[in-house]
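For the sequence shown, the working numbering assigns the number 2223 to the last residue and increments by one with no breaks.
These notes are about the structure you will find just below.
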Amino acid sequence: MPNTSSRVYRLLAITGSAVLTLALFIGVALLIGLSIADRKLAKAGIEDWSISIGSLSEERVVIEQLSVTMSELPSSSTSNSNATPTTIKELLNTPIPNWLPEVIVIKNITLKGGLLTQYAPIVGELKLDTKRQNVSLHLLQPEVLNVNLSRNNSTLSAGITHSLGSFNANYGFSTGQWDIKGSVKVPTKYLSRTAKLVKSEQIALSLSADGSLSPETEMTGAKSLISAISGKLTVSLQQPINVTSPGVASVETLITKGDVGLGFNRGVIENYDLKFSGELTQWPSLPLEINSVKWQFASQDALALEPLNYQQLFSKTEWPVQLSLAVEGEDVSGAQLTMAGHVMQSDAQFIRLNLPKTRLTADKITTASIDALAPLKLDSLNKLALNTDIMLEHDQVMFSSEQLSSLYIQSQFANANFLIPTFSAAIPFASPNEATAELSTKINNVAIKVEELESLKPKLSHRIQYKGGSINTQGTIELARGARLNHHSTLTPTQDLTSNVDINLNDLTQTALQEQLSPLLQNTLPLLTLDKGGAKVGLKLSGNLKTGQWRIDEGEVDLNNVSAIYDTTSVTNANLNANFTANSEHLSLQQADLSLASIQQGFTIGPVSAELAAKVPYKNQQNSTVTLKNHSIKALGGSVRIPEQIYDFSEPLRIPVVFERINLGELMRQYPTNRIAIDGNVSGTIPLLWDSQQLTVEKGYLSAVAPGGHLKVDSSALRSAVGSNPSLKTLASVLEDFYYQELSSVVGYDKNGELTLELQLNGYNPAVENGRKVKLNVTLEEDLPALIKGIQLSNSVSDVIRKRIQQRVN
1414 MPNTSSRVYR LLAITGSAVL TLALFIGVAL LIGLSIADRK LAKAGIEDWS
1464 ISIGSLSEER VVIEQLSVTM SELPSSSTSN SNATPTTIKE LLNTPIPNWL
1514 PEVIVIKNIT LKGGLLTQYA PIVGELKLDT KRQNVSLHLL QPEVLNVNLS
1564 RNNSTLSAGI THSLGSFNAN YGFSTGQWDI KGSVKVPTKY LSRTAKLVKS
1614 EQIALSLSAD GSLSPETEMT GAKSLISAIS GKLTVSLQQP INVTSPGVAS
1664 VETLITKGDV GLGFNRGVIE NYDLKFSGEL TQWPSLPLEI NSVKWQFASQ
1714 DALALEPLNY QQLFSKTEWP VQLSLAVEGE DVSGAQLTMA GHVMQSDAQF
1764 IRLNLPKTRL TADKITTASI DALAPLKLDS LNKLALNTDI MLEHDQVMFS
1814 SEQLSSLYIQ SQFANANFLI PTFSAAIPFA SPNEATAELS TKINNVAIKV
1864 EELESLKPKL SHRIQYKGGS INTQGTIELA RGARLNHHST LTPTQDLTSN
1914 VDINLNDLTQ TALQEQLSPL LQNTLPLLTL DKGGAKVGLK LSGNLKTGQW
1964 RIDEGEVDLN NVSAIYDTTS VTNANLNANF TANSEHLSLQ QADLSLASIQ
2014 QGFTIGPVSA ELAAKVPYKN QQNSTVTLKN HSIKALGGSV RIPEQIYDFS
2064 EPLRIPVVFE RINLGELMRQ YPTNRIAIDG NVSGTIPLLW DSQQLTVEKG
2114 YLSAVAPGGH LKVDSSALRS AVGSNPSLKT LASVLEDFYY QELSSVVGYD
2164 KNGELTLELQ LNGYNPAVEN GRKVKLNVTL EEDLPALIKG IQLSNSVSDV
2214 IRKRIQQRVN
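Written out as structure tokens, the structure reads:
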């Protein structure tokens, strides 16, 4: 079946021309004669005609059969070129001749001929009512069509009825105002190439137009009439239609509303207005549960299309467009996407689509079901406000933005504000895997959900690049001023991760940092208190997110002037430079240089320096090994040394500790008593035994360094205790001013913490028995932990240590 809509319009034009010509000459044929009528009709393009008259009267003429053969439409050349053009007003005000009967009826009119080959024969019925000034045409073939033309006072009205629709038009030829209203239902099968995109059987449209056409317009041709018309035209969709997207079979939409408007002035189309809205009925499978996707499309702009020169459309290079989407579902709430921009074309060829004002907003998007985001443990994205510019070309789509975008992220690990100051991306249609993207991000107001880390309030700033399936990031994580982590990381499509990390903690004790670290240290190292110092760490991290395996290469740590307390031991001005590696099983110190000013645990030792290496397994730290390479320990005016060797803590360790020239005067100055004074130096070796976290000593030896020393004891208490015992009185006298040449001691320390000293002293008191030499054997037993606590409480120690000791004593 041919295209009905185009046939109807052309059929109306041809039939109308023929009917008007026939109506003009029917009276001529009746009054002047057939020969004259033949000549007149020939000029009108009619080759042959025949007529069968049924009845004739002054009031009514009935023609049973009229057959006309036409070869061409009437030509303007047949008219007198010197005649003055007729205006619309003159034509429509032309009176109907009085000699015409009131009613002329042609029961069967047949039009045929070369002009009508495509439609022939055209068969219908014509009725002319001269009294009521009405013409009606009832067409039977090739289409059923009714046309009614009437004049009432100064208004000309026309009505057309067809199975596809109807139209009504009015023209006031005194005012020049006109209007058209109508509706049509176009079967989808007549839409040629577009038919396969429309799933509905028909498209129902309504038409509304109004405007002006000056009655003084001269009727010199179609162009002159069109050039005089001004007004507006609106075509609207009456019923929803279902449409599939070209090239995307899995997307279908229901267009529920549609309007196309044109504004024209004196034949020139000056503006247009397109508005469509609907909702998707089918979309590609997504990892989000979506219930509805509603959309709106609009395009408005000025035009300058001259009459009958609509090829000018192709010279317009920019066409503005506006698009908005509203998405709702189980996983999506309040999502809105708005776009505005231009379609660029040249000679009817698409160049690009520019959408510089694209904005995505959403109240909440639940992301837990998105597999691609599973490693990030994201729960939802909230309060989205994303801005970008989009450029769509024939082979790729590009995104760019320098306008701030923001969202609030909730994950299993933490919640945070996520800001995107800049963003750009390019996605080729032929190979999406070759997409590239680059963005900068800032993350603040972080609320960590892991209990041990809740106190941390990091601020993150990153630049992220995506290319070939790999993600490169470079950025900073900052806890406080001067406390930050810098890293440069790469994540491959196989989830292999590499990262260069630098950590700088310029001041470990600054208030802003301590407020965050103190709760963390309280949970992990409750006995550690930091007083001052700084730290730097650098490392290269590699691993795989799927397997969980990781390793650290080229690690380096620097501790600078750290003073701290662990339990009741204080360390001052500690410095450490160490190279290390690590993996998921153990930590290895390959080269560590340690120095510190002092260690205080009852007695003060220091300065200390050492070069060492170590290997520490995470699960069984008792299996650690430490390699001592070089060291120096200063203590109590002398020095202490231990063997430079490998120490394996998985087995019992025997460590001979060598003491050299330990100053007894310095030792007693740290001892909590003022009744004993001693000087001199001792040296010796004390063998330490380390077995399952227990330290013991068996037969350590210390002896005085020549020439000996001097011992003074306040013996008043001893004299009171001994009474009249002469030997003890003599001992008390000797100890008051005792010069010793020899001093030796056997040292023991058991598992119960009891220290045993077996002392032997040889010497004299010059004031007792003319300085007779005396040999003293003394055995001392002391609870060493209690002694150390007493020494600490007596000496100048920090309030932290004092409080810890007092809590344990009480």
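No residue lacks a Cβ here, since even glycine has one placed at the ideal position from N, Cα and C.
Computed from a prediction, not measured in an experiment: that's the story for all the values here.
Leaving out the 5 sequence neighbours to the left and right, which residues in its chain are closer than 6 Å to Asn1800 when beta-carbon positions are compared? Arg1772, Ser1814, Gln1816, Ser1818
Selected residue, minimal CA-CA separation from Thr1903, among Leu1958, Pro1939, Lys1862, Glu1864: Leu1958
Which partner residues does Val1560 have in the DSSP bridge list? Leu1550, Ile1573
Does Lys1636 have its Cβ less than 9 Å from a Cβ in chain D? The question asks about chain D, but that chain is absent: this structure has only one protein chain.
Hey, Arg1473 and Glu1515 are a contact pair by Cβ (cut 8 Å); roughly how many whole angstroms apart? 7 Å
Applying the criterion that 16 or more other CB atoms from any shown protein chain within 10 Å of the CB defines a buried residue, is Phe1763 buried or exposed? exposed
Endpoints, beta strand (DSSP E) assigned at Leu2000: 1999-2009
Closest to Glu1731 by C-alpha separation, out of Leu1972, Leu1832, Asp1760, Val1557, would be which residue? Asp1760
How far does the beta strand (DSSP E) with Thr2098 in it reach, from first residue to last? 2094-2104
Using a Cβ-Cβ cutoff of less than 7 Å, which residues in the same chain neighbour Glu1471 once the five nearest sequence positions on both sides are dropped? Pro1514
Measure the beta-carbon distance from Ile1877 to Glu1851 and round it to whole angstroms, keeping in mind my assumption that it falls under 8 Å. 7 Å
Check whether Ala1995 and Arg1964 have beta carbons under 9 Å apart: yes
Taking the alpha carbon of Val1681 as the reference point, which residue from Arg2074, Gln1735, Ala1717, Trp1696 has its own alpha carbon closest? Ala1717
Which of the three DSSP states is assigned to Asn2178 in this structure? coil
For Ala1991, does the count of other Cβ atoms within 10 angstroms reach 16, so buried, or fall short, so exposed? buried
Can you list, in chain order, the residues of its chain with a C-beta nearer than 7 Å to that of Gly1624? Leave out the 5 residues immediately preceding and following it. Trp1591, Ile1642, Ser1643, Gly1644, Lys1645
Can you tell which of Ala2145, Glu1702, Ile2075 has its C-alpha closest to the C-alpha of Lys2125? Ala2145
Under 9 Å between C-beta atoms of Leu1577 and Val1597: yes
Would you decide whether Ser1587 is buried or exposed? Buried here means 16 or more other CB atoms lie within 10 Å of its CB. exposed
Do Asp1672 and Phe1689 have their C-beta atoms closer together than 9 Å? yes
Is the distance from the Cβ of Gly1946 to the Cβ of Asp1920 below 9 Å? yes
For Ser1782 and Leu1750, I'd like the C-alpha separation in whole angstroms. 22 Å
Specify, as a first and last residue, the run of the beta strand (DSSP E) that Thr1835 falls within. 1827-1841
Close-in-space but distant-in-sequence residues of the same chain around Gly1440 (CB under 8 Å, 5 per side omitted): Annotation note: pLDDT 44 at Gly1440 (below 50); position unreliable, coordinate value reported separately. These residues qualify, in order along the chain: Pro1510, Trp1512, Leu1513.
Go through its chain and collect everything with a Cβ distance to Gly2184's Cβ below 8 Å, but skip five positions before and after it. Tyr2177, Asn2178
Helix, strand or coil for Ser1640, going by three-state DSSP, please let me know. coil
Contact between the region 2100-2116 and the region 2065-2079 is defined here as three or more beta-carbon pairs at a separation below 8 Å; is this criterion met? yes
By the DSSP assignment, the beta strand (DSSP E) with Gly1946 in it spans what residues? 1941-1957
Please determine, among Leu1469, Asn1986, Glu1967, the residue with the shortest C-alpha to C-alpha distance to Asn1973. Asn1986
Would you identify the three-state DSSP class for Glu1928, choosing helix, strand or coil? helix
Figure out for me which residue from Leu2080, Val2181, Gly2161 has the closest Cα to the Cα of Glu2149. Val2181
Assuming the contact rule is C-beta atoms closer than 8 Å, Ile2089 and Gly2078 should be a hit. Round their C-beta distance to whole Å, please. At roughly 11 Å, the Cβ-Cβ gap does not stay under 8 Å, so Ile2089 and Gly2078 are not in contact.
Within the chosen definition, does the region 2044-2059 reach the region 2028-2035 through at least 3 CB pairs nearer than 8 Å? no
Contacting residues, own chain, Cβ-Cβ under 8 Å from Thr1543 (five flanking each side not counted): Ile1509, Leu1513, Pro1514, Glu1515, Val1516, Ile1517
From Glu1847 to Thr1835, what distance separates their C-alpha atoms? 21 Å
Since I believe Gln1478 is in contact with Asn1521 (beta carbons under 8 Å), could you give me their beta-carbon distance rounded to a whole number of angstroms? 5 Å
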